[in-house]
Each structure stands twice: as C-alpha cells, then as structure tokens.
Amino acid sequence: MKKLINTPDGVVQDELHGFQAAHGDRVRVSFDPAMIVRIDAPVKGKVGIISGGGSGHEPMHGGFVGPGMLDAACPGEVFTSPTPDQMAEATKAVDGGAGVIHVVKNYTGDVMNFDMAAELGKGEGIEVETILTNDDVAVEDSLYTAGRRGVGVTVLVEKICGGAAEDRRSLQQVAELGRRVNANGRSMGMALTPCITPASGNPSFELADDEVEIGIGIHGEPGRFREKVGPASQVAERLMTPILEDLPFSSGDRVLAFVNGMGGTPLIELYVVYAEVAKIAQQHGLRIERNLIGSYITSLEMQGCSITLLKLDEEMTRYWDAPVNTPGLRWKA
Amino acid sequence: MKKLINTPDGVVQDELHGFQAAHGDRVRVSFDPAMIVRIDAPVKGKVGIISGGGSGHEPMHGGFVGPGMLDAACPGEVFTSPTPDQMAEATKAVDGGAGVIHVVKNYTGDVMNFDMAAELGKGEGIEVETILTNDDVAVEDSLYTAGRRGVGVTVLVEKICGGAAEDRRSLQQVAELGRRVNANGRSMGMALTPCITPASGNPSFELADDEVEIGIGIHGEPGRFREKVGPASQVAERLMTPILEDLPFSSGDRVLAFVNGMGGTPLIELYVVYAEVAKIAQQHGLRIERNLIGSYITSLEMQGCSITLLKLDEEMTRYWDAPVNTPGLRWKA
Amino acid sequence: MSISRDDVLRWMELFAAAVAEHRAELVALDTAIGDGDHGTNMDRGMRKALERLGASEQADAGAALKTVAMALISSVGGAAGPLYGTLFLQMGSALAGNPEIELADYAQAWRKGLEGVQARGKAQPGDKTMVDALIPGVEALERASDLSDGLRAAAQAAETGMKATIPLVARKGRASYLGERSRDHQDPGATSTYYLFEAAAAALAG
Amino acid sequence: MSISRDDVLRWMELFAAAVAEHRAELVALDTAIGDGDHGTNMDRGMRKALERLGASEQADAGAALKTVAMALISSVGGAAGPLYGTLFLQMGSALAGNPEIELADYAQAWRKGLEGVQARGKAQPGDKTMVDALIPGVEALERASDLSDGLRAAAQAAETGMKATIPLVARKGRASYLGERSRDHQDPGATSTYYLFEAAAAALAG
Ligand SMILES: Nc1ncnc2c1ncn2[C@@H]1O[C@H](COP(=O)(O)OP(=O)(O)O)[C@@H](O)[C@H]1O
Ligand SMILES: Nc1ncnc2c1ncn2[C@@H]1O[C@H](COP(=O)(O)OP(=O)(O)O)[C@@H](O)[C@H]1O
Ligand SMILES: [Mg+2]
Ligand SMILES: [Mg+2]
Ligand SMILES: [Mg+2]
Ligand SMILES: [Mg+2]
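Residue numbers (the working numbering), protein chains in the order written: chain A, 1 to 333; chain B, 1001 to 1333; chain C, 2001 to 2206; chain D, 3001 to 3206.
Put into structure tokens, the structure is as follows:
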C-alpha cells in the first residue's frame, strides 16, 4: 500500500488539520468530536443542514460545508459512519432556531448512529428532520437487503436543500424537497480497480486485468457482478439502462446528469463517459438541463465512475442554480 | 490497461464530444483543428489568452476556458503538444483587437509548435506575446537540459492573467504580469504510481510496491530519483526543500500554496499533504495567503502530487481573487 | 458462585485483547463481504472502553458495562458501534445496582441485550449478522444450571452460530448488498460476538 | 541515374510502412526516456501524409515533400512534428521544380533539411537526438559518388549514429530531464531517422 499519509490510524485527523489550515477562514474544524462547521453557524432563522459519513469519500461531506450547502459535516473514520455524539454536537452547533435537517445515506451504520443522534437532539428541544438517501439501483430494495444505498444523489440533495435553506424555506419544506430529490434520483456505479483502506492495507477485492466490477457502492464493497472490460459506451449502457428503467425516466423528462469519478479516475475519462451518457439520454428523449462532472463522492483511490440521473422540477432547478460557496462546489459566490 | 475509453486513438475526440455536450452553453468546441473557445470570443478590446498542450492533463487547459481565465485552449493528442494550425486558428478566434497571449509550457514540442503558430499569427497582423512557464525545480536549468518544465505555475499564470485581461489591461501588461508570476513560482512533483497512455497501453515506468519517484513531470516521464516510500511529512519535505531554496523564499513572504493531485490521488491525501506544507511554510515564516488544493494539472491516472509555491504581490493577489467562471475553476461568478 | 464488578472488568480486558489479536482477521472477513473496518472499529472501541474503565471508579458491574457501552457508542461508529453499544447498555441497565450477579440475572441481562440489538438493527435469525451468534449463546446460558458450565456452553453455541453464518445469504447490513455473493463467507459481527462469549467464559467461569 | 517524383512517393510509402511496423518499438523507446508517444505521433503523421499525397496530383518531387511537410506539421505535434516538418519542408524547397534530381542535388537538399532541423531545435551532435542519425547520414551522402551506393552508405551511417546515441546523456528534448538516467537508452527520434534513410535506400537505390 502506497499512500500520501503519515500513519493509517491518523489519516482522518491529519486530513482535518489540512482542511483547517486551508479553509479556516470559512469553516471551524473541531476534533473531539470531529466536525466541520460553517464559520458563521448557527445562522439565525435558517434551517441548519448537517450530514456525515465515513471518510474516504472526499470532497463529500466536509468539502460541501459553506453558504448554500451544508452547515456542518461529521467525518467518521475511513468508511465508518460517525458516532451519535458528533451528530448531536453538530446539530446543536447549526441550530439557528428553525430546526435541523440530517442528510443520511442509507447504510445500517449511518442510519443507527444518526437515529441515536436525533434522539439526543430532540431531547434538547431541537426539531430534527431526516432525509434518507437511497438512490443506488444496483441494490434491490427488498426485505432481503438493508435497502438501497445512498450514493450520488446525496450530493444533489445537499446542494438543493442548501439552496432552499438559504432561501429561508421552513424545516418541513426543505425536508420535503430533499425527499423529492431523493425520490426522483437514481444512480449506479462501477469500478475498474478496488481501493485500499489505510487500516487494512489490502485491496477491497481482486479484479483481473481485464475485468470490471458493476454495481459497486462507495465503500470498496464488491459489486453485483463482474464482467470483461468493454468500451466506455458499454459501461455507460450498463449503468444507464437500470437507472432509466427504475424510476422510470421517460421521453420529455428534464434531467440533471451527474457523472462522478470514484477518486482515481482522471477527468478525461469522465468526459468520455459523459459523451456516451448524453447520447443515451438523447436516444431516450431526455433533456439534460444541468450536469455535473467530476469526483464528488469517492471511494478513496478507486478507479471507476457512477452515474446519477435526477428528474428535475422547477424548484429543484432553481435551488441547484442558487449560489454555493464551499471548497468542493462553488458558483455565483 | 483498463480505462473508461472507447478506443485508444479516439480518446481526445470522444472527450471533446463530452466537453461539448456538457459545456456547449459556454464554449464552442471545434474538431478540425481541435480547439475549445469561449462562446463569446473574441471579446472586443480584451487581450485574448490561449494555451494548449497535450491532452491527459485535464482540467488543464480546456477546463480553464471561460470568463476570467482562458479564451481558448488547443488540446493535442495525449501527452503530445498540439500543432501550429490549432494555435493559429485559436489566435484568430480570440483576437479582439488588443493582441493575444500564448501561454506555453516549456517543452521542446510545445515551444516549437507555438513558435510556428506565432509566426503565422504575426503574418496575419495579430500581435502575439508569449509567456513561457518553466517552474519545475526538479530539472536543472542549464545548457545540458531543455530547461525547466512548465508545470503547476501554468494554472496560476492562466488564472491571474485571465483576471488582468478581463480588467482590460494591455497586452504588454498582461504579458509582464504573467512572466512575473512564472518568475516567482516554483514547483516540484512526485509519483506513487506511473500512468498508462491509451496509445502505449504500458506503464510509463516500473515502480516497486514500496518505492516512489521524486521529481517527475506531467508526462509520465521517470523523475530525478526514486526512494522508499515515506510518510506524507517526508514527501512534503522532499518537495518543499528544493522549492524553498530555489527562489529563494524567505521569512515574511506572502505565498499562494498549491497542492495538486496527479489525477489518481484522492482529495483526502492532498489535504494530508497540505497539512504538512502548511507546517513547513510556517517553520520558514511564510504566510500562506491563498491556497488551491485539488487535481488541476494531471498526468492521466497517475497517483502522486506536486506542490507549487508562488510569492504573491498585490497585483497577483487581486487578479487571483477576481471572478472566474470555467468548468475547472470557478468563483464569484 | 456469582459475578462481581472485577469479573466484568476482567471480561472486558479479555474481550479487548481478543479483538486486538484478531483485528486483522475481522478486517479480512469484513473486506470479503463488507467494507473492511470491523476489526479496526472494534479494536478502537475496546481500547477506548478500557481507557474509560480505568479513568474512574466503576460502582458495580452494571455501571462498568454502561461505561463500556458509552465508550463504544462514542468511538466505534458504523453498524457495530450502536449495536454493541446497545447490547452493553441494556446489560448494564439490567444489572445496575446488583452486587451479586447470579446465573439467572446474568442470563436475563444477555436476553435484554439481545432484545436491544434486535430492536435497534431489526435482524432476524438467519440474516447473517451478529444476532446469529448472539441468540444461541444467550439461549445456552438460559438453559444452563451452572454459571461456569453455562458460559462454556454459551461460547460453544455462539461459535456454532458463527460458523452457521457461512452458508447464509445476508439480509441485513452491508453484506446484504452482495446478495448471492455473500454466501460462503463468515459474518464478521458474528465472529466478534463469539469472541465476546469466549472472553466471558474465560473471565467469569471461575 | 536520378530521382523522380514517383521515387519520392515510393520512398514516403516505405517510410510510412516502416513507421507503422515499428510503432510499438518507437513507443517503447520513448517510454523509457520520454513520454511514450513518438511511434504514435510518427504513425499518425505519415498516414496523414500518404492521404494528402494521394488526394491531389504532386507537381514534382519537391512539391511532394512539401505536402508531406505540411501534413506532418498539422498532424504530428510534439517535438517530432515541427522537426520532421522542417526537414521535409527544407528538402522540398531545395528540390522544387527540379524534375531530374541528381545525387548532388539530393545530398544538398538533405543538408538544407539538416540545417533546418538544427535551426529549429538547436541540437548539437551528441545531444542524443535525431540529429545524431541525421548528420552521419547526410555526410555519407555528401561523400558518395554514386546515388545507389551513397544511399546504402547513408542508411548504414545513420544506423551507426542511432546506435551511438545509446551511451549518451541527453541534452535536448524530454530525455534531458532525466540527466544521467537517460544513459543506456537509444533515442527514439534517431531511430525513426534511421528508418527514413533505410526507406530512401530501398526506394531510390534503384
Ligand atoms: N441490522 C443489523 N443487525 C445486527 N447486526 C448487524 C446489522 N447490520 C450489520 N450488523 C453486524 O455488523 C457487522 C459489521 O460491523 P462493522 O463492519 O463494524 O460496521 P459497518 O457495516 O458499518 O462497516 C456485520 O458483520 C453484522 O454482524
Ligand atoms: N531540440 C531537438 N532537436 C532535435 N531533435 C529533438 C529535439 N528535441 C527532441 N528531439 C527529438 O524528438 C524525439 C521525440 O519526439 P516525440 O516523442 O515525437 O516528441 P515529444 O518529445 O514532444 O513527445 C527525440 O527522441 C529526439 O530525437
Ligand atoms: Mg464501515
Ligand atoms: Mg509528447
Ligand atoms: Mg464494516
Ligand atoms: Mg515523445
């Protein structure tokens, strides 16, 4: 294992020190419990939005803290959801009197830890609403699974809800909007290579030189199946077909298309994939009204990509376009 | 070789199609000769700024086309500098009557092709000034080399000159400013892994599982030496020491610190490195007034990083802060 | 024969040692069907638990277990943090103020812990989780008439339950994403639960 | 014996074929001390050159060489594009309008080409570049009294020059960044230049 780290156990602490050194003018980094908080939090009268999750997915979530997006993020250890006291502290830190949203990706650990935190938050008289993201069509949503994973749509939920909260929409309105984004978003991912967590030092799975893993999540888990590597057009097809069928998306829909890199894939390849996504979308009569291309929700140094499609409505589009000023996503500010 | 591409020969074309599909509202992509041009070019009365270079360094340069940065970029094949007719066309496309700047990274191929283009441009009555970047301290600047390579500082030159041009500074002023940025910037890079060009299909060099390559450029070339992998603190030291000694930087200097990923390194590691850079800068009494952390000038999927330090003056800082609206770098717009 | 506060402290030390010793094994099991952090998570948590146990006087066995619970909840994260946290919290509550813990009390505390884990995680037997080691362990204790024998039987039953997770297809937790591909792997959480019973047998079986 | 337009066309076909055949070798040489694109670059360029030669009538040998030059300049890029472009452009200019190219004319055209390459790239002999194959090749031609023998001698001299780049430390181009580490590798540009002389000997030596 070769990584730009000091020690496997210290990665998250060291990264937070770097984050503080780089962005200390716009966020407050605390170490015990670990959290990254907007420097002007709590913003009075604004719904606070927090998220959290294991580290190793950067820029998500810490890189999305700032005006127009998150008020705080709670980083766990690598691929390990954070603990309830982190979320409870963050909830208090961002409560401006209008209540607090928890954006939670649907993983057993995240859900349980956020649940415990919400119980604590409520105990202190803070109104908390949870938005659970579960957009990964690679997972069957049935009694036989922990339900679908929350992946790419999480980034979109955080941006759009951030815009709405900045616009002083109420807790219920922001929560409802976030749930609508999740309900109208679908994702699927694939890997060319595994990743290596610093603590384990070993690849998360073994892939032959000509194999790809289809239907992966963002924690280095193996996917649904593997196959021989094909051209980008085939990869795009593999990911787009289940996405399009699932919602389903239909001709005339306006969508946001998000091609996400898993951390180790260069931008040039994401644009090659985007070209294929645009072709397929056109064949299906979809109108891509907004797009996002880059590595925003990652799996350490894994090579691969995920595709997220979100069926847009007017409100989502408006808050997607609204100013955002975070280290990871920034425009009009 | 596993990549998200269709065919090795078609990568650049396919990427440009993706770029056009994604950003067609803000740039015009042309394929023969290949170039990406600001949609509102030429901007009357504004100095035009173009750059170009081999592909495989994304987002540089195409991702930096837009208000506040480049007017056009000319992508060559992967790691192959573009041809004179591309630069000549781009020069014509962005000439708003105030002359055109060519930002050229100091590589034999880039220099010769841009030279031929400038000869053509001049033939058509367009005033052209060239800014040559050569900030890589890993290379000896002597009669025995092709001179120092242009690396990280190129991104800073393009941003700062872009701001100055938007502010309607004259051709001479923008050129002088860009040369000052180059003269006050120093960089050095390292790799944890090689990269693989689509056309060759083979790693650009072989590294053992516990070795790193120090002093690499951005074309997969081997570096100056290799050594056993050490902690991030040691990597930062290896890169910072020659940078600090070279200008030299001295106590009290205000600097911009740029920690750049080579394409396959995840953001979490770049922040770990940034923490070390900040420590070393502080030990030397440098004041980091601005920073940039991310993968902006890359070498396909290579893992590793480079560090660039720029000694800031008031004018550079002002134009660094100025609005920029490109796919790869965006703020205040 | 009964269980004292010091017995519980020794139990936790042995569990922490087992987790540290088997950290890499737990990571490897979790890499195969999860995200490869179960060993690191439990090790980090149990080190924190020992630290907290050492930092202040524990009134009784129940208080000690609650201390462990809070340490795990605030340091483990992931699925294991809330689940083990709940297990120890429920056990600690059941035993609070009880200076002379008899077999029946102890078995009942485990039952409460198990109920807490199932309430939190909604796992049923056969879902390929820690519950599959927990249930047979608790039931063996409940059937026992002697503390020492009962703990040995519980550890054995947990081991059997742990091994029985191998052929199962996961229906809860991260492994469930794999569907059929989760078969033929031993569940990491069931494995750490087996070590918990083993540590109990070694520490409390007298 | 003299060189006709069709001889030049055959020469370019053979050169293109050689470059295509040795594409992987040139890439491997350039991977060792450069950026691994020399084979791809030259292959792309020569395919374009043949396309252009086929697309319109070439007035004479000089015109054909200029067509090749322009094709290379607008499709190769990198260092090789301007350098080979300049080589063929200078040769083409020197031979323009000459329907009956004798050995002396031809040798002089190569000399002009070499001068152009050196003016563009500033490389001196021993810098470990294509110039190290070009100079001995041109000099052999200049010494020759017979076209056929002269071309064979030139190819041989270029081969010797190419091999002589192996122990050199590069002082120009990308390989110069490597300093001492550039030693013990054959220069890719010198290698393609050797193939250019080989093709000339095969096509023009009658
Ligand atoms: N819903 C659940 N109920 C009971 N146990 C569960 C549940 N989900 C997961 N587990 C247990 O947790 C273990 C994984 O723990 P760990 O790796 O620490 O957390 P994470 O899955 O969040 O990475 C699994 O092996 C399983 O035994
Ligand atoms: N200044 C120069 N003068 C002459 N030849 C040069 C010079 N620089 C490089 N070359 C030749 O160009 C070759 C590399 O060509 P190529 O790989 O196509 O371009 P690049 O180096 O831009 O990738 C080298 O092997 C060398 O022979
Ligand atoms: Mg985990
Ligand atoms: Mg090149
Ligand atoms: Mg796990
Ligand atoms: Mg080359």
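Every residue, glycine too, gets a C-beta built ideally from N, C-alpha and C.
If you compare alpha carbons, which of the options is closest to residue i?
i, options, result
"D:Thr3031", "B:Glu1213, B:Pro1203, B:Ile1297, B:Arg1238", "B:Pro1203"
"B:Gly1220", "B:Arg1179, B:Val1078, B:Glu1227", "B:Val1078"
"D:Ala3133", "D:Leu3114, D:Gly3092, D:Ala3079", "D:Leu3114"
"A:Val229", "A:Cys161, A:Met240, A:Gly304", "A:Gly304"
"A:Val155", "A:Gly68, A:Gln234, A:His61, A:Asp209", "A:His61"
"D:Leu3050", "D:Ser3004, D:Ser3075, D:Val3027", "D:Ser3075"
"C:Ala2140", "C:Lys2122, C:Thr2160, C:Gln2124, C:Ala2164", "C:Thr2160"
"C:Ala2201", "C:Lys2172, C:Thr2191, C:Ala2154", "C:Ala2154"
"B:Phe1114", "B:Asp1085, B:Gly1099, B:Asp1095, B:Val1139", "B:Asp1085"
"C:Thr2193", "C:Ser2148, C:Leu2089, C:Ala2080", "C:Ala2080"
Which residues in chain C sit within 7 Å of residue i, going by Cβ to Cβ distance?
i, result
"A:Arg149", "Tyr2177"
"A:Ser81", "Gly2077, Gly2078"
"A:Val139", "Tyr2177"
Does the beta carbon of residue i sit closer than 8 Å to a beta carbon anywhere in chain A?
i, result
"C:Lys2172", "yes"
"C:Thr2031", "yes"
"B:Glu1124", "no"
"B:Val1235", "yes"
"B:Leu1300", "yes"
"B:Tyr1271", "yes"
List, in chain order, every chain B residue whose beta-carbon is nearer than 9 Å to that of residue i.
i, result
"D:Asn3098", "Simply none; closest approach about 26 Å."
Using a Cβ-Cβ cut-off of 8 Å, state whether residue i counts as contacting chain D.
i, result
"B:Pro1323", "no"
"B:Ser1204", "yes"
"B:Met1116", "yes"
"B:Asp1085", "yes"
Looking at the C-beta of residue i, does it have a partner C-beta in chain B at a distance below 8 Å?
i, result
"D:Thr3040", "yes"
"A:His171", "The sequence given here places Leu at residue 171 of chain A; His does not occur at that position. No, A:Leu171 lies away from the interface with chain B (no Cβ there is under 8 Å from its Cβ)."
"A:Glu166", "no"
"D:Ile3073", "yes"
"D:Gly3092", "no"
"A:Pro59", "yes"
Can you name the residues of chain B whose CB is closer than 7 Å to the CB of residue i?
i, result
"A:Tyr274", "Gly1018, Ala1021, Ala1022"
"A:Lys159", "Neighbours of A:Lys159 on chain B: none; closest Cβ ~14 Å, over 7 Å."
"A:Cys74", "Simply none; closest approach about 15 Å."
Could you name the residues of chain A that residue i contacts, counting a contact when the two beta carbons are closer than 7 Å?
i, result
"C:Asp2035", "Phe79, His219, Gly220, Glu221"
"C:Val2117", "Going along chain A, no residue has its Cβ under 7 Å from C:Val2117, so there is no contact; the nearest lies around 11 Å."
"B:Lys1092", "The contacting residues do not exist; B:Lys1092 stays about 26 Å from chain A at best."
"C:Arg2181", "Pro222"
At the 8 Å Cβ level, is residue i part of the contact set with chain C, yes or no?
i, result
"A:Ala199", "yes"
Just to check, is the beta-carbon of residue i closer than 7 Å to a non-hydrogen atom of ligand 1?
i, result
"A:Ser81", "yes"
"A:Tyr107", "yes"
Given that residue i touches chain B, what residues does it touch there, using C-beta distances under 8 Å?
i, result
"D:Gly3121", "Thr1108, Met1112"
Determine the chain A residues that contact residue i at a beta-carbon separation under 8 Å, and present them in chain order.
i, result
"B:Val1047", "Here the premise fails: no neighbours, minimum Cβ distance about 25 Å."
Does ligand 6 have even one heavy atom less than 7 Å from the beta-carbon of residue i?
i, result
"D:His3038", "yes"
"D:Asp3035", "yes"
Can residue i be considered in contact with ligand 4, in the sense that its beta carbon sits closer than 7 Å to one or more heavy atoms?
i, result
"D:Asp3043", "no"
Residue i versus chain A: which residues are under 9 Å apart at the beta carbon?
i, result
"B:Gly1056", "Pro266, Ile268"
With hydrogens ignored, establish whether the beta-carbon of residue i is closer than 7 Å to any heavy atom of ligand 2.
i, result
"D:Lys3122", "yes"
"D:Val3131", "yes"
State yes or no: is the C-beta of residue i nearer than 7 Å to some heavy atom of ligand 5?
i, result
"C:Arg2174", "yes"
"A:Asp136", "no"
From the beta carbon of residue i, is the nearest beta carbon of chain F less than 8 Å away?
i, result
"D:Gly3062", "Among the protein chains in the structure shown, which are A, B, C and D, there is no chain F."
- Task: Could you name each continuous beta strand (DSSP E) segment of 3 residues or more that falls completely within the stretch 1139–1217 of chain B, going from the start of the chain to the end?
- Result: 1185–1191, 1211–1214
- Task: Any chance you could list the beta strand (DSSP E) runs of at least 3 consecutive residues sitting entirely within the stretch 3112–3152 of chain D, in chain order?
- Result: none
- beta strand (DSSP E) segments (min. 3 residues) lying fully within the stretch 3046–3117 of chain D: none
- Runs of beta strand (DSSP E) wholly within the stretch 1040–1083 of chain B (minimum 3 residues, chain order): 1048–1055, 1072–1078
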